[in-house]
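Just so you know, we're using UniProt numbering here: the sequence shown kicks off at 1 and counts up by one.
For each residue, glycine too, the CB sits at the ideal point set by N, CA and C.
Remember, predicted model here, so these are calculated numbers, not experimental data.
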Amino acid sequence: MLKPIRFYTIFLCFFYLFFGKQAWTLAQQGQPFFKFPILEDGVYKISAQQALSLGFTDLDAIGVYGFPGMLPQKLDSIDLNLRQIPSKRIGNDLFFFLTGPHQVSVKEGNFDLQVHHYTDTLFYVIGPAEKKMEIPDSQSKLSAPELQKIYGIQFIKWEETNLLTSGRSWYSRPIFNRDRQSFNFSPMQGATGSPQLTVKVMGQSLSEGRMEFFHNNNLVGNVSISNIPNSQYGIKGRENTFRANLSTTSNYNIQVNFNSADVNGTGYLAHAFLTFPFSPTSAPAGRYLIQEGGVIPRRTGLQQWLIRDFYEVQSVENPSITRPGDQLVLFAPQNIPPIHSVENLNLDARNANGNAELIIITAASLSSQANRLAAHKNQIGVSTLVYTVSQLYDAFGYGNKDITAFRNFLAFLFQQNSSLKNVLFFGKGTFDYKGVLGGSPNLVPTYSSRNSLNPLATYSSDDYFGFLEIGQGEWEESAAGDELLRIGVGRIPAINFQEAREAVNKIISYETNLQTEGSWKRKLAFFADDGDNNIHLNDAEIHAGFIHDNHPEFEVIKLYLDRFEQERDNNIQRSPQARDALRSTLQDGVLLLNYIGHGNETTLTAERVFTVSDINDWPENSRLPLFITATCEFGRQDSPFIRSGAEDLLFARNKGAIGLLTTGRPVFSSVNFALNKAIIEAVFQRVEGSFQDLGSIFKLTKNNSLNGPFNRNFSLIGDPSLRLALPELTAETQKIWDIRLEMEKDTLKALQQVRIKGQITDPLTGAHLVNSKGRFNLSLFDRPEKVKTQGDESSPVEFWEEKNLLFQGSGTVNDGEFMTELMLPGSIDLAPGQGIIRILAALEDGKGEAFGAKRVIISGKDSLEILDTDGPKIRLFFGENLEETAPVIPSRTYPLKMTLEDKSGINISGFSPGQGITLQVNNDPPIWLNRSFTALAGGFKIGAIYTQLLNLQEGFNTLKVTAWDNVGNRSELTSSIEVRGSLRMQILNAINYPNPAIERSNFRILHNRPKENLLLTLEVYSIKGDIIYRTSKRYVEAENILDDLEWIFFHNKTKNPTKGMYIYKLELRSEADGTSDSWSGKIIIQ
């Protein structure tokens, strides 16, 4: 008997595939398809008249398509096509069996309920079919015992509580200790015996709990529920199942008590069903389950359909053998209701262009911004398509809200070609698929784990949508269930148009300005928490060491918390120094910031070195980093209530982050380390000479750090097709030439004068780019030095850091070559050590950037005598016009340029205490400016510093500048500047343009409070004095000119503007002292 069954199963697979491909072909031909809703299991029909109203003239040319319940996670090629459901024509009606969204089945001899997690209404599809899938009549079988019982079932499910706000499991409201809840079932007419009650329960109690069940106030039994551990990350609930036979009564009121020695313990209900036995010879019309097999007796007066599989239906015209788990449907054709609420079905996504590299899946409310992003991507050469969730639900989910429709669509494209690289989910996705709890909308749903009770094993993840090979997708929550991503996956969890627009603005700005020069692109920051036996610092050191050994072109900044002093505030430790260092680093700009340590949804470190409220006081900044946060829950993007720090950073206007690789749940330190290690090793890998996009980096990271369910909550929040602002070309140092000895050298010495030459090359071919021109910046760092931590929460530890910058200079690139001369300071460590030369070059005409590094030995001191006893020549230039005589200014902050000139070069090493470039204003502590100095024109004898005079006082201010040359000669220059009118906020000038104007007018405001936090308000009045428009904006550490305010005349905030003259009023207020100033003028709308 096994061989025929196996053959029949294989035949059915090809049968379904054949019918599915037929439907797809008809859809491609533009023939209409429709969807209709079903709430419960049963037989349904469509009449010939109803079919005609939909445009179908022949019932035999109609097919019904769909899937019973949730789409299967495990990918099968069958599921990429529309699957036809068997049907049977009786007279002028077409009949078919359909299930509701929730499935009751027989598993291991017991009844089981599979709740549809995504919807309570299941849609099916009706459309043309070249060949209808007929329901055959059953054939006579060998004799077997007659079927004795079939079972009618009622069920109740509860979806009120998600205990950890994570995962797919939902429960009733809590039943508190010694409290009671109740629920009801109805009797089923014609039942031949007493029903059985089955209830799935869950308890949360530190002591063993017990749930007692009563039927009409009579105790029928109880079930024990094991206790949970008293630990932060222990399992938070235990499940069990209660079963009992009930007496036959006219009503079934079930009461439930929960009892535990833990006074705070609670019980919950998941679902319950009542199964009534019936005789197959007398059961009324309905749908029944078969628990034990047997021969179905022939019935008269009712149609009998045997449902062995949803797609394998037989009309019982002869006695037929059943198996456990089969279903029997009894019905009278004249009593069957027709389908209703028929809607058009959109199958356009099945005709998608198979050459797209990026797919954006979004909600209709965000589609305009998704399309704007797609237009930008297509313009820069990333082939992109946009689809809404409703389009994919229709085309690949039969119209149902089922997230597997997204996966099947992506697999459909992936199986056609290899162009697909990334998918971007553009919109918020939460675990609350049915909107039970309210809060933020679930615009583009994400995947949630089966586990909802273990804080360390429950998660949400978009990785599921990247399992696109046939056979992938089951994703069991164990190490054995790990699967490999086939494409990159990212999400921009916007909840409204404004957030979507801000995210798109940042991406377009970042990618448009990729080629702009900036040393921040070669800087990486590692931020590590303290305590825990220095595990976070040690992990950060391993990652930083990998960068040092394998990517020396990057400068590593180490923001280790324990290197900074801490203080107590109301017995709470804080570190203002660490907070300031983090803020300053981000403001200066880094390509990537990597954090390791403790955190939660809104905060990094117990000392609150970063909280989301800090973002409000960050100035706007186009140098946006990629954040990597190896911590707990900082990227919890699937909550409808909590706004995570990751989301705030992503949507912060013109600041924050360009993207984040982050975790959304509690994590183990060891898992974090493995993930972080995989990222750091992947992020700078080149493929065919080019750096990879974030999606490819994410894919490599995940595939190289599989660890069961424990790292699945790690996600990419951002655009997976975005490439970091890395120079794509290579700058190679080819020769180091001793100027005075006129020979090539491989070792540098103190006071040595050298000429460094190099060229720009293509990293893929190694070809010299001979026709390129541009500018370069070259820096020389001394060997790393040891730095010792404070030992605040763990023992002090030492780490290595590049502290001494020996030279920094700029020059021009000609014919793809660069050259600079430099002189090493005399005040350096003379012992042998390894320094590093770094080059960053920006080429003209948009040809890109190049960077590179070369390690070099620095040892000893040049023996040739240097005759120089004069200190550097210092000159000061004030303001944007670079005046040599300081003007009287109305501001406490003012631009300053310094030029320093010396035949021996300027000492910026900082190795010898007191030797360096300092600026002192009045009696304030001197400011060190060593790293702000850049030698000019490919030489070392003259250079410049661009800085700001800060904290000037009303009246006369004394300025003192000191500088040392590389030989050890010192110079000092004293100057002064007068401040007059700084005691109050002043608008020094304001203009609006164009004026007159047709659509909009812009404002440019010059004021006297740069670097302060300011609030600017614009009000527009009609000639009659009625206010028609008002807006305001806060500027953090404002520039001296504010030029981004505009009035769009027909903005929805404007009240009925018409052509004519209007009066505007600007008010600018300082947060520092509350003073303000105003400015008024006229605007003419043409």
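With a 10 Å radius around its C-beta and 16 neighbouring C-beta atoms as the bar for buried, classify residue i as buried or exposed.
{"i": "T248", "result": "exposed"}
{"i": "N408", "result": "buried"}
{"i": "Q334", "result": "exposed"}
{"i": "S182", "result": "exposed"}
{"i": "P284", "result": "exposed"}
{"i": "H117", "result": "buried"}
{"i": "H340", "result": "exposed"}
{"i": "H1051", "result": "exposed"}
Whole angstroms is fine: what's the gap from residue i's alpha carbon to residue j's?
{"i": "L345", "j": "L410", "result": "19 Å"}
{"i": "Q834", "j": "K786", "result": "14 Å"}
{"i": "L805", "j": "L929", "result": "12 Å"}
{"i": "I736", "j": "R855", "result": "12 Å"}
{"i": "S891", "j": "G879", "result": "11 Å"}
{"i": "E1071", "j": "V389", "result": "45 Å"}
{"i": "L706", "j": "D482", "result": "7 Å"}
{"i": "S419", "j": "V382", "result": "10 Å"}
{"i": "V436", "j": "A578", "result": "42 Å"}
{"i": "T161", "j": "N550", "result": "50 Å"}
{"i": "S669", "j": "G708", "result": "15 Å"}
{"i": "V770", "j": "F776", "result": "15 Å"}
{"i": "S138", "j": "R299", "result": "13 Å"}
{"i": "T1031", "j": "P1057", "result": "15 Å"}
{"i": "D1077", "j": "E978", "result": "22 Å"}
{"i": "W1079", "j": "T893", "result": "22 Å"}
{"i": "S827", "j": "R740", "result": "20 Å"}
{"i": "S519", "j": "Q1086", "result": "46 Å"}
So, for residue i: in the same chain, excluding its five sequence neighbours on each side, which residues have a beta-carbon less than 6 Å away from its beta-carbon?
{"i": "F673", "result": "D539"}
{"i": "I470", "result": "L75, S77"}
{"i": "K157", "result": "V115, H271"}
Helix, strand or coil: which one does DSSP assign to residue i?
{"i": "N711", "result": "coil"}
{"i": "L650", "result": "helix"}
{"i": "W520", "result": "helix"}
{"i": "S418", "result": "coil"}
{"i": "G481", "result": "helix"}
{"i": "H1051", "result": "coil"}
{"i": "S47", "result": "strand"}
{"i": "L206", "result": "coil"}
{"i": "A244", "result": "strand"}
Could you name the residues that DSSP lists as bridge partners for residue i?
{"i": "Q692", "result": "In the DSSP output, where bridge partners are listed per residue, Q692 has none listed."}
{"i": "D112", "result": "S105"}
{"i": "W800", "result": "K786"}
{"i": "I987", "result": "H1007"}
{"i": "H271", "result": "K157, K200"}
{"i": "L347", "result": "Answer is none; L347 lacks a bridge partner."}
{"i": "A731", "result": "I760"}
{"i": "M823", "result": "Q753"}
{"i": "P333", "result": "According to DSSP, which records beta bridges pairwise, P333 is partnered with nothing at all."}
{"i": "Q920", "result": "K960"}
{"i": "D262", "result": "Answer is none; D262 lacks a bridge partner."}
Does the ligand HEM have even one heavy atom less than 7 Å from the beta-carbon of residue i?
{"i": "I535", "result": "With respect to the ligand HEM, the structure shown offers nothing to examine, as it has no ligands at all."}
Please work out which residues of its chain come closer than 8 Å, Cβ to Cβ, to residue i, disregarding the five sequence neighbours upstream and downstream, and give them in chain order.
{"i": "R931", "result": "L805, Q808, I908"}
{"i": "G109", "result": "Q291, P324"}
{"i": "E884", "result": "R875, L876, F877, F878"}
{"i": "N371", "result": "V386"}
{"i": "A349", "result": "Y387, Q391, L392, D394, A395, F396, F409"}
{"i": "F7", "result": "Low confidence applies here, because F7 scores a pLDDT of 28, under 50, leaving its location unreliable and the question unanswered by this model."}
{"i": "S172", "result": "W158, E160, T161, Q181, Y268, L269, A270"}
{"i": "G190", "result": "F278, S282, A283, P284"}
Please check if any C-beta of chain B sits within less than 8 Å of the C-beta of residue i.
{"i": "Q148", "result": "The structure shown has no chain B; it contains just one protein chain."}
Cutting at 7 Å between CB atoms, please list the residues of its own chain near residue i, excluding the five before and the five after it.
{"i": "T1075", "result": "R984, M985"}
{"i": "V671", "result": "N707, F710, N711"}
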